[in-house]
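**Q** Questions regarding the structure given below will be posed in turn.
In the working numbering, the protein residues as written are 1 to 173.
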């Protein structure tokens, strides 16, 4: 079994243990939002871009944003109380979340120590059902309910932040 297949199997086992239903869609590998759009056809629900971010104080963030929503890092850092946000290096991504660029997903939070990363969920994305993410590899997509994603993140030791990326404001979950 490949490392990617083993990681996916661990994820699926975790989801099953938490009682979270998902639907798997297999496809060719994709590395960008544009490639995913071209390949997915009419796959229903919300689709995201996932931004692995670090601030100058070494705090880590995973912004899970509806794919068409622009993200202003300067405004986001101010709203989150972060200190100069930038994109995290691929090596840090692999070390903390256990994934490679192109396979970033909120499901990778299961690989991070509890509380070591702040998962910031786009309210507009979370209003859609289902929401679709890679299962720790970029040649498949898992559809999950927004409530299922929240339960997964909480079960992985990460209290997500619900955020309105259009208004740049945190919201209650």
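Note that CB positions come from ideal geometry on N, CA and C, so glycine has one too.
Between the region 11 to 23 and the region 74 to 81, are three or more C-beta pairs nearer than 8 Å?
**A** no
**Q** If distances are taken between C-alpha atoms only, which option among 162, 135, 149, 104 comes closest to residue 6?
**A** If you number the chain shown from 1, residue 6 lands on position 6. For residue 6, the nearest C-alpha among the options comes from 135.
**Q** Have a look at residue 124 and residue 3 and give me their C-alpha separation to the nearest angstrom.
**A** As a first step, residue 124 is located in the chain shown; it is residue number 124 there, counting from the start. As a first step, residue 3 is located in the chain shown; it is residue number 3 there, counting from the start. Approximately 33 Å between the Cα atoms of the pair.
**Q** Enumerate in chain order the residues of its own chain whose CB-to-CB distance from residue 162 is below 6 Å, with the five nearest sequence positions on each side excluded.
**A** Locating residue 162 in the chain shown gives position 162, counting from the first residue. Counting only Cβ-Cβ distances below 6 Å, and skipping sequence neighbours, we find 121, 123, 171, 173.
**Q** So the beta strand (DSSP E) residue 128 belongs to, where does it begin and stop?
**A** Within the chain shown, numbered from 1, the residue matching residue 128 stands at position 128. That residue, residue 128, is in no beta strand (DSSP E); it is neither H nor E in DSSP.
**Q** Quick test of your reading: residue 105 and residue 61, contact by CB under 8 Å. State the CB separation rounded to the nearest angstrom.
**A** The residue given as residue 105 occupies position 105 in the chain shown. The residue given as residue 61 occupies position 61 in the chain shown. That pair is no contact at about 15 Å.
**Q** Applying the 10 Å Cβ sphere with the 16-neighbour rule, what's the burial state of residue 108?
**A** As a working note, residue 108 is residue 108 in the chain shown. It counts as buried.
**Q** Going by DSSP, which residues form a beta bridge with residue 117?
**A** Your numbering for residue 117 matches position 117 in the chain shown. DSSP lists 60 as partners of residue 117.
**Q** Quick one: give me the first and last residue of the alpha helix (DSSP H) that residue 157 is part of.
**A** Residue numbering aside, residue 157 sits at position 157 when the chain shown is read from its first letter. That residue, residue 157, is in no alpha helix (DSSP H); it is neither H nor E in DSSP.
**Q** Any contact of the region 52 to 67 with the region 89 to 103, i.e. 3+ C-beta pairs under 8 Å?
**A** yes
**Q** The alpha helix (DSSP H) that contains residue 7, what's its start and end?
**A** Here residue 7 refers to the residue found at position 7 when the chain shown is read from its first residue. Unbroken alpha helix (DSSP H) run through residue 7: 3 to 17.
**Q** Look at the alpha carbon of residue 69 and the alpha carbon of residue 52, and state the distance between them as a whole number of angstroms.
**A** Sequence index remark: in the chain shown, residue 69 carries index 69 (1-based). Sequence index remark: in the chain shown, residue 52 carries index 52 (1-based). If you take the alpha carbons of residue 69 and residue 52, they lie about 16 Å apart.
**Q** Mind pulling the beta strand (DSSP E) runs of 3 or more residues that sit fully within the region 36 to 107?
**A** 46 to 54, 60 to 66
**Q** Reducing DSSP to helix, strand and coil, say where residue 150 ends up.
**A** Mapped onto the chain shown, residue 150 falls at position 150. In the structure shown, residue 150 sits in a helix (DSSP, three-state: H, G or I).
**Q** Short check: CB of residue 54 to CB of residue 86, under 8 Å?
**A** Within the chain shown, the letter at position 54 stands for residue 54. Within the chain shown, the letter at position 86 stands for residue 86. Cβ atoms of residue 54 and residue 86: closer than 8 Å.
**Q** Can you tell me which of the three DSSP states residue 143 falls into?
**A** One-based indexing of the chain shown puts residue 143 at position 143. Strand at residue 143.
**Q** Can you grab the Cα-Cα spacing for the pair residue 159 / residue 153, in whole Å?
**A** Numbered from its first residue, the chain shown carries residue 159 at position 159. Numbered from its first residue, the chain shown carries residue 153 at position 153. Cα to Cα, residue 159 sits roughly 7 Å from residue 153.
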